[in-house]
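Below you'll find the structure, written out as structure tokens, and then a few comments.
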Amino acid sequence: MITLPPDYRPSEDEEFMNPLQTEYFRQKLLKWRADLLKEAGDTLASLSEGGIHEADITDRASVETDRALELRTRDRARKLIGKINLALQRVENGTYGYCEETGEPIGLKRLEARPIATLSIEAQEQHERMEKTHRDD
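Heads up, the sequence shown is in my numbering, so the first residue is 12 and it goes up one at a time.
Below, the structure is given as structure tokens:
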């Protein structure tokens with residue numbers, strides 16, 4: 012088990028995906044997943060408190076809209092948790108941080124911004140260009 016210094020931040024000066032960087036991103040992914048699961052639990056608790064008791068039809072519609080929005084948000088979080096789990100699997104098997112298409116390093120800045128990234132910026136841009144080309148057909 013690797014212990015990170017409290018102020019550790021991955022640096023371009025280090026070897027890419029060295030044990031410290033790998034542990035840093037593993038902990039970042041675990042914290043993100045824990046936060047999403049806590050939010051989901053809070054949502055479940057609030058939704059299980061019972062039905063809508065608003066007498067006014069406008070208030071009732073507002074509450075129903077809020078609940079629908081919350082459920083959509085939770086569905087997005089559920090999908091995100093799946094992607095986080097896949098990223099954690101890549102950490103475990105040693106492929107985390109490397110582009111699925113090219114095998115090149117994804118880059119620390121991209122991983123900081125989007126820890127679940129599976130493609131380098133170049134591969135992602137190529138993928139998006141191909142999507143746009145085929146969508147316009």
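Built from N, CA and C at the ideal position, the CB exists for glycine as well. Since the model is a prediction, treat every value here as computed from it, not as a measurement.
Nearest-angstrom beta carbon gap, residue j and residue i [assumed within contact, 8 Å]
| i | j | result |
| --- | --- | --- |
| E81 | T54 | 6 Å |
| L130 | E111 | 6 Å |
| L47 | A88 | 5 Å |
Short Cβ contact (8 Å threshold) for residue i with residue j
| i | j | result |
| --- | --- | --- |
| L122 | F36 | yes |
| L15 | L31 | yes |
| L119 | P17 | no |
| I13 | E26 | no |
Same chain, Cβ closer than 8 Å to residue i, neighbours up to 5 away in sequence not counted
| i | result |
| --- | --- |
| A128 | I117, R121, L122 and Q135 |
Sequence-distant residues of its chain with Cβ nearer than 6 Å to residue i (five each side left out)
| i | result |
| --- | --- |
| Y107 | R101 |
| L115 | Strictly speaking, residue 115 in this sequence is Glu, with Leu absent from that position. Result list for E115: S131, in chain order. |
| M28 | G108 |
Enclosing alpha helix (DSSP H) for residue i [first to last residue]
| i | result |
| --- | --- |
| R121 | L119 to A124 |
| I92 | I68 to N104 |
| A128 | Taken as a continuous stretch (DSSP letters only), A128 belongs to no alpha helix (DSSP H), as it is neither H nor E. |
Same chain only: Cβ atoms within 7 Å of residue i, ignoring 5 sequence neighbours per side
| i | result |
| --- | --- |
| K39 | P126 |
| Y19 | L31 and Y35 |
| E50 | A88 |
| R44 | I92 and I95 |
Is it the case that the stretch 82-89 contacts the stretch 97-106, given that we only count it when at least three CB pairs across the two stretches are under 8 Å? no
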